[in-house]
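*Asks:* Take this structure first; my questions come after.
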Amino acid sequence: SPAWEKAVNRRLTLSLDDQVDALHGLAERFPLDLTRVAIRGWSFGGYLAAMAVLRRPDVFHAGVSGAPVTDLRLYDTHYQER
170 SPAWEKAVNR RLTLSLDDQV DALHGLAERF PLDLTRVAIR GWSFGGYLAA
220 MAVLRRPDVF HAGVSGAPVT DLRLYDTHYQ ER
C-alpha cells in the first residue's frame with residue numbers, strides 16, 4: 170500500500186523488525202524452537218534474508234538469499250522511483 174511504501178522508504182530495516190515481531194508472536198502461541206530459525210527469500214525477500222542473518226544472528230541462525238538486491242546504488246527500478 171502507499172502507506173507501507175512511505176513507511177519503508179529508505180528504512181528497509183523496518184521489514185526485518187516486522188519479521189522478528191511476527192516470529193515472537195507465533196512463538197507465544199505455538200511451540201517453536203527459537204534456536205533453529207531460518208529465513209529465505211527472493212529479490213527483496215533475498216535482501217531481507219541476508220539482512221536478517223547479518224543484523225539479527227541472535228534470531229535468525231540460517232538464511233537462503235535468492236537474487237537479492239545487494240547494492241541499491243546499482244539497481245535502477247521501482248525501488249528507486251519514489
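Positions in the sequence shown are counted from 1; adding 169 to them yields our numbering. For each residue, glycine too, the CB sits at the ideal point set by N, CA and C.
1. Cutting at 8 Å between CB atoms, please list the residues of its own chain near A191, excluding the five before and the five after it.
2. Using alpha carbons as the reference points, say which of A218, D227 and A236 lies closest to T182.
3. Can you find a C-beta in chain C that's less than 7 Å from the C-beta of E197?
4. Alpha carbon to alpha carbon, what distance is there between F199 and D238?
*Replies:* From the atom records:
1. Residue mapping note: residue 191 aligns to position 22 of the sequence shown, counting from 1. Same-chain partners within the cutoff: there are none.
2. Position 13 of the sequence shown, counted from the first residue, corresponds to residue 182. Nearest of A218, D227 and A236 to T182, Cα basis: A218.
3. The structure shown contains no chain C; it is built from a single protein chain.
4. Translated into positions along the sequence shown, residue 238 becomes position 69. Translated into positions along the sequence shown, residue 199 becomes position 30. It is worth fixing the name first, because residue 238 is Val in this sequence and not Asp. For V238 and F199, the distance between alpha carbons rounds to 33 Å.
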